[in-house]
Amino acid sequence: MTSSFEFHTYPARISDAERDKALKVLHDGVAMGRLSHDTFIRRMELALAARRSEDLVPLTADLPTESRLSRLLFGTVESVSGFTVRLRRAWQAERLPKLLLPHPGNGHPLRIGRDPANGLRLTHETVSRVHAELSRQGGMWVLRDLGSTNGTTVNGRRVIGAAVVREGDQIGFGRMAFRLAVT
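Each residue of the sequence shown is one higher than the last, beginning at 1 in the working numbering.
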């Protein structure tokens, strides 16, 4: 008696490292002016939703990868020029109040603003009624500005649309600033 076995091979799930690499290429593309902000946001959303490695290829295919020399040169310049920013951030980090990231299992985005219906109500006059939203997407925290008047910042840079945030980042809503922390 002969038995027949069927083997199915399914594509491997995308790793966080592959997704991070694609997100870095997209970030570098917008930083070099090769992508518009809207294109960057759309591609970032597609990268976060990707299920297979093949889904990432078309998102970065039109963007150049850096040569070794340019990485070395830009990395050195970035390190030197960013030193004062990092020093100031480190000095201020402990003095900022902590903003605890929500429990990841919640599944609902955290709305931030002056409106009492928000999950996090901030009553400062520079905070809009519905200022920003913090959500978990693809294993990462994403902070989205919701058209606030005085802006949302991450580590001193204004958020246009959305930005990936991590524990330890300094985030600001208008003139209110916090350091992200995990419970």
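For glycine and all other residues, C-beta sits at the position ideal for the given N, C-alpha and C.
Rounded Cβ spacing between residue i and residue j (contact assumed at less than 8 Å)
{"i": "Gly-156", "j": "His-131", "result": "Actually they do not touch by this definition, with Cβ atoms about 17 Å apart."}
{"i": "Leu-59", "j": "Leu-46", "result": "6 Å"}
{"i": "Pro-109", "j": "Leu-87", "result": "Contact doesn't hold; Cβ gap of about 33 Å is too wide."}
{"i": "Thr-126", "j": "Arg-175", "result": "4 Å"}
{"i": "Arg-166", "j": "Trp-141", "result": "7 Å"}
C-alpha distance - residue i paired with residue j, whole-angstrom precision
{"i": "Thr-84", "j": "Glu-78", "result": "11 Å"}
{"i": "Arg-179", "j": "His-27", "result": "23 Å"}
{"i": "Thr-183", "j": "Val-25", "result": "31 Å"}
{"i": "Arg-144", "j": "Ala-162", "result": "4 Å"}
{"i": "Leu-146", "j": "Leu-96", "result": "23 Å"}
{"i": "Asp-169", "j": "Val-154", "result": "7 Å"}
{"i": "Met-44", "j": "Pro-116", "result": "31 Å"}
{"i": "Asn-118", "j": "Thr-76", "result": "43 Å"}
{"i": "Leu-99", "j": "Thr-39", "result": "30 Å"}
{"i": "Gly-33", "j": "Thr-149", "result": "25 Å"}
{"i": "Pro-64", "j": "Asp-20", "result": "16 Å"}
{"i": "Ala-177", "j": "Ile-171", "result": "6 Å"}
{"i": "Leu-35", "j": "Ala-61", "result": "12 Å"}
{"i": "Gly-107", "j": "Gly-82", "result": "35 Å"}
{"i": "Gln-137", "j": "Leu-23", "result": "13 Å"}
{"i": "Phe-173", "j": "Val-80", "result": "28 Å"}
{"i": "Leu-120", "j": "Arg-129", "result": "11 Å"}
Own chain residues within Cβ distance below 6 Å of residue i, not counting five before or after
{"i": "Ala-50", "result": "Ile-14 and Leu-56"}
{"i": "Gly-151", "result": "Arg-158"}
{"i": "Ser-53", "result": "Ile-14 and Glu-18"}
{"i": "Pro-102", "result": "Leu-110"}
Residues sharing a beta bridge with residue i, DSSP
{"i": "Arg-13", "result": "Arg-52"}
{"i": "Ala-61", "result": "DSSP output for Ala-61 lists no bridge partner at all."}
{"i": "Ile-171", "result": "Val-154 and Phe-178"}
{"i": "Ser-135", "result": "Val-142"}
{"i": "Arg-111", "result": "Glu-133"}
{"i": "Leu-120", "result": "Ile-112"}
{"i": "Ala-163", "result": "Leu-143"}
{"i": "Lys-98", "result": "Arg-179"}
Same chain only: Cβ atoms within 7 Å of residue i, ignoring 5 sequence neighbours per side
{"i": "Gly-139", "result": "Asp-16"}
{"i": "Ile-41", "result": "Gly-161 and Ala-162"}
{"i": "Val-30", "result": "His-37 and Phe-40"}
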